[in-house]
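Sequential numbering from 519 applies to the sequence shown in the working numbering.
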Amino acid sequence: MLVLVPKIKEDGLIAVWKPMKESDHMIRQVENGYIDNVFSLVSKKQVRNKLHKGYLPKPDDRPVLPSIKNFVLVSSSDGTLVAIDIGEEKVMQFGKLAEDLFGMTIRWPLSIFQGFGIALSSFDFR
């Protein structure tokens, strides 16, 4: 999963993103190396648990039930679109805690509203 959000500038204001043509969308800009106004977050690779027939975050993450909906987003400060397994900082973690209960943990640069939107969108694709 790749998540792109506008950066917060030094004066505390959010960078405004106004695409004027189709080639201006965030993904294309990041692919072309324009990362000055964008935070790039990528999901860590999950481990398939054959016994429970689901996915779990790596063992260093908090305990959750196996689910395809579990994910951990980490910062990709260099603008690359892949997660690096060493030295990354967790920005968001979402996981199944019980049959009908999911938990979400977020930190800056995401707001609770953005985190909730990302969590809801994960249900749409899985």
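Even for Gly, the Cβ is constructed at its ideal location relative to N, Cα and C.
Separation of residue j from residue i, as counted between CA atoms
i      : j      : result
TRP535 : ILE526 : 12 Å
GLU528 : LYS608 : 22 Å
GLN547 : LEU615 : 36 Å
GLU540 : TYR552 : 16 Å
ILE602 : LYS563 : Its pLDDT being 44, under 50, ILE602 is placed unreliably in this model, and the value from its coordinates should be taken loosely. When rounded, the distance between both Cα atoms is 9 Å.
LEU628 : LEU531 : 14 Å
PHE647 : GLN632 : The question about residue 647 has no answer, for the chain in this structure spans 519 to 644.
VAL521 : VAL556 : 10 Å
HIS543 : ASP618 : 36 Å
THR623 : SER639 : 16 Å
ARG489 : MET538 : Residue 489 is absent from the structure shown; the chain starts at 519 and stops at 644.
Within 8 Å, strictly: CB atoms of residue i and residue j
i      : j      : result
SER561 : LEU583 : no
PHE634 : LYS587 : no
Nearest-angstrom beta carbon gap, residue j and residue i [assumed within contact, 8 Å]
i      : j      : result
SER585 : LEU559 : Contact doesn't hold; Cβ gap of about 20 Å is too wide.
PHE612 : MET519 : The pair is not a contact, with the Cβ atoms about 10 Å apart (cut-off 8 Å).
MET610 : ILE636 : 7 Å
Residue i - partner residues in DSSP beta bridges
i      : result
VAL521 : LEU559
LYS608 : VAL592
ILE583 : One detail in the question is off: residue 583 reads as Leu in this sequence, not Ile. LEU583 pairs with LYS614.
ILE526 : ILE532
GLY621 : GLY613
Quiz item: Where are the alpha helix (DSSP H) runs, 4 residues long or more, that stay fully inside the region 534–559, in chain order?
Solution: Qualifying alpha helix (DSSP H) stretches, in chain order: 544–549.
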